[in-house]
Structures are given as C-alpha cells and as structure tokens.
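Here is the structure we will look at.
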Amino acid sequence: MTSNSETVRRFIEDFLGRADLAAANATAHPAIQGITGLKPAGPIDGLAEYKGIITAFVQAFPAEAPVQIIDQFESADGTRVVTRFHSRQRHAADFFGVAATGRIILFDETHVARLRDGLIVENIVSATNLEFEMLMAPVLAPLILR
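Here the sequence shown stands for residues 383 to 528, numbered as in the numbering used here.
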C-alpha cells in the first residue's frame, strides 16, 4: 500500500514536475481542488482542469532538472502532507501571452495536500516565486488586482 507521503511525492515529482497524466490519475481525486496562482480567478476545479493547466505550464516551462524535495511531513492524523520543493524550469514557450524568455527560473514552493482514501482532494500552494511572478505580472496583475 502506498503511503500518503508517497502519493504526494509522485503527484509533485511526476505530475506537477513533468505533466505525467498517468501520475495525476493515480494520485488525485477526480474532484480535486487546487489553490494556486496558475489559476488566479479561483481554485482549480477538478482533475480535468488541473491536467489542462499543468500540461500548459510544463509545455511553457519544461523542467531543467527533476523536482528536488526539500522537506516533507504528515499531519498527526495523516490526512495532510506538507511538501517543500525546488524546481528549475526554462521559460521555453509563451504562457498567458508572455513570450518565451529562455530564462531558467527557480520555483520554491510549499504544498499542503489533503488526502482522502489515498487520493489528493485538495492541494494548497504557497510559493516564493518572485522571478516568475514579476515575469507574469503584466498579464496576471489585472486578473488578480481587480
């Protein structure tokens, strides 16, 4: 049996890091909610939408190296897994209308995943991605600062 930490590790390394859709199917509930800046208008609503957003992101920002897990721990009741990781991704294609820059950007993120019956039902992202945020600000600021 796969532990909740192993499930979240696969979700982050394989799905978020490489857009592996089989990993998404194996780790996330079909009704997953994602709270992330990659959808500034509100939560990602369901696995199909999550797959579309991550596929577009990874196409525009392919990994320069595998995701590096820095810390990971479970809540006392085992229903939440907190994971901090780094990834380095190259801005190789247009994203949200921002032209590719070729820059390698460090993503420093902490995810709090809530699981039920071995699948992620909620993923809340907290990130220190200032370079990415500044790059995307011209497009995303009007969507966020209404």
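Don't be surprised by glycine CBs; every beta carbon is placed ideally from N, CA and C. Bear in mind that the values here come from a model prediction, so they are computed numbers and not experimental data.
With a 10 Å radius around the Cβ and a threshold of 16 neighbouring Cβ atoms, I452 comes out exposed. Here DSSP, grouped into helix, strand and coil, assigns E388 to helix. The beta carbon of A406 sits closer than 6 Å to those of F397, K433, all from its chain and outside the five residues before and after it, given in chain order. Contact check between the segment 383–393 and the segment 424–433: fewer than three CB pairs, one atom from each, fall below 8 Å, which does not count as touching. By the Cβ criterion, the segment 407–427 is in contact with the segment 496–510, since at least three pairs of Cβ atoms, one from each stretch, lie closer than 8 Å. By DSSP's assignment, H473 forms no beta bridge with any residue.
Of the residues L517, G416, M518, the one whose Cα lies closest to the Cα of S508 is G416.
Residue pairing by DSSP places S508 opposite T492 in a beta bridge. Exposed is the label assigned to F455, since fewer than 16 other Cβ atoms lie within 10 Å of its Cβ.
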